[in-house]
Each structure stands twice: as C-alpha cells, then as structure tokens.
Amino acid sequence: MEALFQEGLLLYFVAKRLGQFNGISAWTPAKSLLEICRCSPVIPLFQLFRTGNAVMGVLGLLIGVLIATGTGILEHWMPIAWASLAVFAFIAGGNSLNDYTDRDVDKLAHPERPLPSGRMTPKQVLNISIACFLISFFASLALNLESTIIVALAIMLMLTYEVRLKKDALTGNLEIALLTGMLFLLGGAIVGMMERTYIIALLAFLAILGREIIKDIEDMEGDFDRLTLPKKIGARNAGYLASASFLIAVGLSPLPYLDGIFGIWYLGGVLFADATFIYCSIVHFRNPTKGQKMAKYGMLLALLAFLVGGLL
5 MEALFQEGLL
15 LYFVAKRLGQ
25 FNGISAWTPA
35 KSLLEICRCS
45 PVIPLFQLFR
55 TGNAVMGVLG
65 LLIGVLIATG
75 TGILEHWMPI
85 AWASLAVFAF
95 IAGGNSLNDY
105 TDRDVDKLAH
115 PERPLPSGRM
125 TPKQVLNISI
135 ACFLISFFAS
145 LALNLESTII
155 VALAIMLMLT
165 YEVRLKKDAL
175 TGNLEIALLT
185 GMLFLLGGAI
195 VGMMERTYII
205 ALLAFLAILG
215 REIIKDIEDM
225 EGDFDRLTLP
235 KKIGARNAGY
245 LASASFLIAV
255 GLSPLPYLDG
265 IFGIWYLGGV
275 LFADATFIYC
285 SIVHFRNPTK
295 GQKMAKYGML
305 LALLAFLVGG
315 LL
C-alpha cells in the first residue's frame, strides 16, 4: 500500500508540474480515456499510443519469457497476460506523455498526430497518459514483487525523463537503452528466472545505446531543440562512444554459452550478429543512416540467436 501511495503521489506531482492538475479529481484520467473512445473515432488513440511500438514491446517481453523458460512458456500464461497489459499500457502512457511535452515541436515536426491536429486536447492527452501509467502499475501488482519493482522503476524513469531530463545530452539515449534492457528482465522476472535474462538485457542495453547515438548523429541538423550528445562533444567523438558500445556487446556475447545458459546453436547464431555490429561500428562514421540500419539488423540477428538458444 505504501508503494502504491508513493506511485500515485509521483503521478500527481508530474501532472502538477505540467500545469494540468489543479483541482483535478482522481477519476479525470479515466474519464478522458472513456470520453475519447465514446465521442470520437478510436483511431486517434491508436496513433497516440503508437500501437505498433506497444505491440513490439509485448513481443520483446515474450522473447524474454521464452529465453527464460524455453518450451515451457505456456505454463506461465497468466503472469504473461498481466505483464503484457502492463507493458502495453506503459508504452502507450509514455508515448502519450511524449506527445504532451512535445506538443509545440510537433506542430511542425508531426502535425498529423492527434494533439497538434486538434483531434485531442492537451488536457485529454495528459490524463490519458496518467491513466495508462496507473493501468500499467496496477497490472504489475498481479505479478511477483520483482516484476512490480521493475514496472514501477520504469514508470519513474519515464516520468523523470519527460519532465526534467529530456533535453540533456546523453540522458535520452541511456533511458531508451535502459528501458529496453528492463523489458527483457521483466520477461525473466515474471516467471521467477530473471537471472537467465541478465546477459540479453545488458547486450540489448549496449546495442540500443550505440544505435541511439548514431541516430542522433544522423539527425544533428534537425534536432534544433535538443542538446544531443553529438552536438555537445562532436559527431566523431559520439561515434567513438557508439562503436565502443557495439564492440563491448560483441565481446560479452559469448557469455551465455560460456556460462552454460545456451548451447552451441546460440553461439553459431550470435556470430552473425557480432559480425553485423562490428561492421556497423566502422561504417557509421562514413554513413550514419546505413550504420543505424545495420545496428537494427544486428539486434534482430541477436534476438534470433537468443530465441534459438532458449528453444534448443
């Protein structure tokens, strides 16, 4: 109960900081969500939530569970269902809050989104975000303590980033990488086997961090409102950090095989991912667009290697 109270206070503080919570009732976030569904097409909600990203997040969770349990995944369908709801609602809430805090920038950058296009009001979007975060947290209470802590930490990270740290040089990259790693940890935690997902969480963190830095290098000219890492230390120095992140991931990738977590099939598969990351760590200096695409391919190959390792 104390943890739940603290989480509610955090949500209240964030909303008040954003200037929309003066005198609001506890039911207002839910009312806004129901009002959108009742009074207008549901399509704006799908766009607000970035439903495709939310579904991909749930798939990432399932991969984490599969890595932890192997072929016994169906035995844990109930915690998987609750965790899937928590992940989907968290991503929906994060994207909604992002649209709220970026509403002025999006008038030029993304005028088709529900808020700048006028299909939703700022107050509705903020309240929907709060409702989604609360749904995510309440869903996590149906899971074990480790899982609830992971979800609560993820919500606090997202709120802190959007309210305070969004324009800092490296913070956004670290947050995205950390949340991705936590997704795999959650997959292991809900079935009581989080230790089997430590390595993939770390590798995902490093790979995502490298790719996010390259994306910032690629977008240097367009990021007029953010002090990104390449702007702060220079594109080449930021590129060195991205390459270091990829190469550390490559160096750590044999650990699941050496620790006996996965067999030879994993090792064979991850070599393809390693080769892709090594190539990416070189080519992005000449072509950041190609580099970030190769990083995406490397992550897909690494996921396949972990899936094969979990099943065979």
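With my numbering, letter number 64 in the sequence shown gets 68, and the count goes up by one each step, no holes. The beta-carbon is built from N, C-alpha and C at its ideal position, and this holds for glycine as well.
Member of the options whose CA lies at the smallest distance from the CA of residue i
i: L259; options: Y270, Y283 and I154; result: Y270
i: I84; options: M303, G192 and M160; result: G192
i: A248; options: K219, I237, F266 and I286; result: I286
i: L315; options: L49, V129 and T75; result: T75
i: R240; options: Y202, P292, F50 and M197; result: P292
i: I268; options: A246, K297, Y301 and F310; result: F310
i: M124; options: A158, G196 and F53; result: F53
i: L138; options: M160, G122, L149 and L206; result: M160
i: V312; options: K300, G302, G272 and Y301; result: G272
i: H80; options: L157, L112 and G196; result: G196
i: Y202; options: L157, D263, R168 and I237; result: D263
i: A113; options: M298, K297 and D223; result: D223
Nearest-angstrom beta carbon gap, residue j and residue i [assumed within contact, 8 Å]
i: L187; j: G61; result: 6 Å
i: P115; j: P48; result: Their Cβ separation, rounded to whole angstroms, is 14 Å, which puts P115 and P48 out of contact at 8 Å.
Proximity below 8 Å, CB of residue i to CB of residue j
i: L147; j: I204; result: no
i: S140; j: Y104; result: no
i: P120; j: D110; result: yes
i: A93; j: A143; result: yes
i: I221; j: G243; result: yes
i: L178; j: I154; result: no
i: L245; j: E166; result: no
i: E150; j: M82; result: no
Contacting residues, own chain, Cβ-Cβ under 8 Å from residue i (five flanking each side not counted)
i: N57; result: I95 and N99
i: I282; result: F250, L251 and V254
i: R42; result: Because R42 sits at a pLDDT of 49, beneath the cut-off of 50, its placement in the model cannot be relied upon, and the point is left open.
i: K300; result: R215
i: F50; result: none
Residues near residue i by beta carbon distance below 7 Å, same chain, minus five either side
i: R200; result: I71, A72, G192 and I265
i: V274; result: S257, A306 and A309
i: I77; result: V69 and L70
i: T152; result: S144 and L145
i: R107; result: L119, P120 and P126
i: I180; result: I212 and E216
i: R290; result: none
Nonlocal neighbours in the same chain, by C-beta distance under 6 Å from residue i, ignoring five residues either side
i: G295; result: I218, C284, V287 and H288
i: F9; result: Interpretation of F9 is limited by its pLDDT of 43, a score under 50 that renders its predicted location unreliable; no figure is taken from the coordinates.
Exercise for the section: Evaluate the contact criterion for the segment 95-107 versus the segment 194-213: three or more CB pairs, one atom per stretch, below 8 Å. Expected result: Contact between the segment 95-107 and the segment 194-213 is absent, because fewer than three Cβ pairs lie under 8 Å.
Problem - Contact between the segment 278-291 and the segment 246-258 (3+ Cβ pairs under 8 Å) - result: Enough Cβ pairs lie closer than 8 Å, so yes.
Handout entry: Stretch-stretch touch, CB-based, cutoff 8 Å, three pairs: the segment 162-182 with the segment 231-240
Key = Contact between the segment 162-182 and the segment 231-240 is established, with three or more Cβ pairs separated by less than 8 Å.
Exercise for the section: Specify whether the segment 56-70 and the segment 85-94 touch according to this definition: at least 3 beta carbon pairs, one from each stretch, less than 8 Å apart. Expected result: Verdict: yes, contact present.
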